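Since the structure comes first, as structure tokens, the remarks are kept for the end.
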Amino acid sequence: MGRLLYKETPPFRSNEEVYASWWFEELKEAGYIKKLEYETVCLQITEPVKRFEEKQLKTKVKIVEKHVISGVSYTPDFVVEWNDRSKLFGVLPFCQESVFFNTNTHNIYQSLIEVKPKYDQNNMTREFKVKQKFIMDKLNIFVNLFIPEVIFAKTFTPKRYLLCDFTSGKRTIKFETRTMEEYFNGSS
Numbered sequence: 010m011g012r013l014l015y016k017e018t019p020p021f022r023s024n025e026e027v028y029a030s031w032w033f034e035e036l037k038e039a040g041y042i043k044k045l046e047y048e049t050v051c052l053q054i055t056e057p058v059k060r061f062e063e064k065q066l067k068t069k070v071k072i073v074e075k076h077v078i079s080g081v082s083y084t085p086d087f088v089v090e091w092n093d094r095s096k097l098f099g100v101l102p103f104c105q106e107s108v109f110f111n112t113n114t115h116n117i118y119q120s121l122i123e124v125k126p127k128y129d130q131n132n133m134t135r136e137f138k139v140k141q142k143f144i145m146d147k148l149n150i151f152v153n154l155f156i157p158e159v160i161f162a163k164t165f166t167p168k169r170y171l172l173c174d175f176t177s178g179k180r181t182i183k184f185e186t187r188t189m190e191e192y193f194n195g196s197s
């Protein structure tokens, strides 16, 4: 991993999260996103497993709690609340799946987003995909995998991504770039 883009607020954990935030912010400025939050939700996938044992003291027996297995929780990188789901179908590539949106009883269309790099040297994408399946099975919530380079190539490239991270030069990009306006006008 290269240097982190430390000037961004909130302080993101990876450059890919910064790049994804630029993409979401452009959609927000255009009115597609109502609310964008970073690491605000924690999902409890499994509870910890504990057992109780008797411990003999000098004069009595005490019941003590022993830890067996830790619980598993998951925090998505972004929670996106969309303004209007119908505007996005057929326009954004991952909206083709109806499970992209998690709808609550108030008809609020949300997406939970996990951001991963295209090349993952620590194999964290594999770990996420296992958690993704458990979250869908246990909580009936779909968490979307967002790989910035892949999404940018399929949709549009945020304006800020066209520039290098630490200089004002143009970034070398190995796919055809489009602005958000070009993408939405061409996909209508």
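Quick note: the sequence shown uses my numbering, first residue 10, plus one each step. We treat Cβ as the ideally placed atom computed from N, Cα and C, and that holds for glycine. Just so we're clear, the structure is a prediction, and the values are computed from it rather than from any experiment.
Check, Outcome
"Assign Arg22 to one of three DSSP states: helix, strand, or coil.", "coil"
"Please report the residue range of the beta strand (DSSP E) in which Val89 lies.", "87 to 91"
"CA-CA distance, Glu90 and Lys37?", "10 Å"
"Reducing DSSP to helix, strand and coil, say where Phe61 ends up.", "strand"
"Nearest to Phe137 by alpha carbon, out of Lys44, Tyr83, Ile160?", "Tyr83"
"Where does Glu48 sit, in a helix, a strand or coil, going by DSSP?", "coil"
"If we ignore side chains and look at the alpha-carbon of each, how far apart do Thr55 and Leu171 end up?", "41 Å"
"Using the three-state DSSP reduction, which class does Ser30 fall into: helix, strand or coil?", "helix"
"For Glu191, which of helix, strand or coil comes out of DSSP?", "helix"
"According to DSSP, what are the bridge partners of Asn153?", "Ile122"
"Might you give, ordered along the chain, the residues of its own chain that have their beta carbon closer than 8 Å to the beta carbon of Lys125, omitting 5 neighbours on each side?", "Glu25, Met133, Thr134, Phe137, Leu154, Phe155, Ile156"
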